[in-house]
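The opening position of the sequence shown corresponds to residue 1 in full-length UniProt numbering, with each subsequent residue numbered one higher.
Glycine included, each C-beta is placed from N, C-alpha and C at the ideal position.
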Amino acid sequence: MVDCADAMQWTFESTGVIRHDDTCLSPGHTSLESGAVLTLESCTPAKIQTWSLASGYAYVQAAAFVTPANKTVLVVLNEHSEDVVFTLATDDGKAVETVVPKGGIRTYEW
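The following block contains the structure:
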């Protein structure tokens, strides 16, 4: 467990940028294939750091934090009665997609 004082704070900007301090969420090696690693990189005006949620669900919760081993962890809980598909998409139409099954919880680490 991580002390809340050490939890990672995210800012979801109206421009579609997801920011942590002076870094922005980016696809690792600019790969947008399904299952691509996500990283925190220096913020740039590049469209590759612009994200949007393709569909929304009222019964999905998520939390992200950094472990003492400096790993970033994202936990997504789906309380919906159906599977939830999340697509993080850039303005150029490429996307990273994941599914959280109904009643499921998924943990992502990078």
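Alpha-carbon spacing of residue i relative to residue j, whole angstroms
{"i": "Phe12", "j": "Ile18", "result": "5 Å"}
{"i": "Gly35", "j": "Thr98", "result": "8 Å"}
{"i": "Lys102", "j": "Ile48", "result": "30 Å"}
{"i": "His80", "j": "Trp51", "result": "23 Å"}
{"i": "Tyr108", "j": "Asp83", "result": "17 Å"}
{"i": "Thr15", "j": "Thr23", "result": "15 Å"}
{"i": "Ile105", "j": "Pro45", "result": "33 Å"}
Own chain residues within Cβ distance below 7 Å of residue i, not counting five before or after
{"i": "Gly62", "result": "Inspection of the sequence shows that residue 62 is occupied by Ala rather than by Gly. The residues are Leu74, Val75 and Val76."}
{"i": "Pro27", "result": "Ala36, Leu38, Ile48 and Val96"}
Three-way DSSP call (helix, strand, coil) for residue i in this model
{"i": "Gln49", "result": "helix"}
{"i": "Thr90", "result": "With a pLDDT of 42 at Thr90, under the threshold of 50, the modelled position of this residue cannot be trusted; read the value that follows with caution. In the structure shown, Thr90 sits in coil (DSSP, three-state: anything other than H, G, I, E or B)."}
{"i": "Glu82", "result": "coil"}
{"i": "Leu77", "result": "strand"}
Cβ shell of residue i (< 6 Å), same chain only, five flanking positions each side left out
{"i": "Phe86", "result": "Thr98"}
{"i": "Val60", "result": "Asn78 and Val84"}
{"i": "Lys43", "result": "The question names Lys, but residue 43 is Cys in the sequence shown. If we look at Cys43 and ignore the five residues flanking it on each side, its Cβ neighbours are Cys24."}
Beta bridge counterpart(s) of residue i as assigned by DSSP
{"i": "Val27", "result": "The question names Val, yet the displayed sequence has Pro at residue 27. Answer by DSSP bridge pairing, in chain order: Leu38."}
{"i": "Glu109", "result": "Val73"}
Same chain, Cβ closer than 8 Å to residue i, five either side skipped, listed in chain order
{"i": "Met8", "result": "His20, Ala64, Phe65, Val66 and Thr72"}
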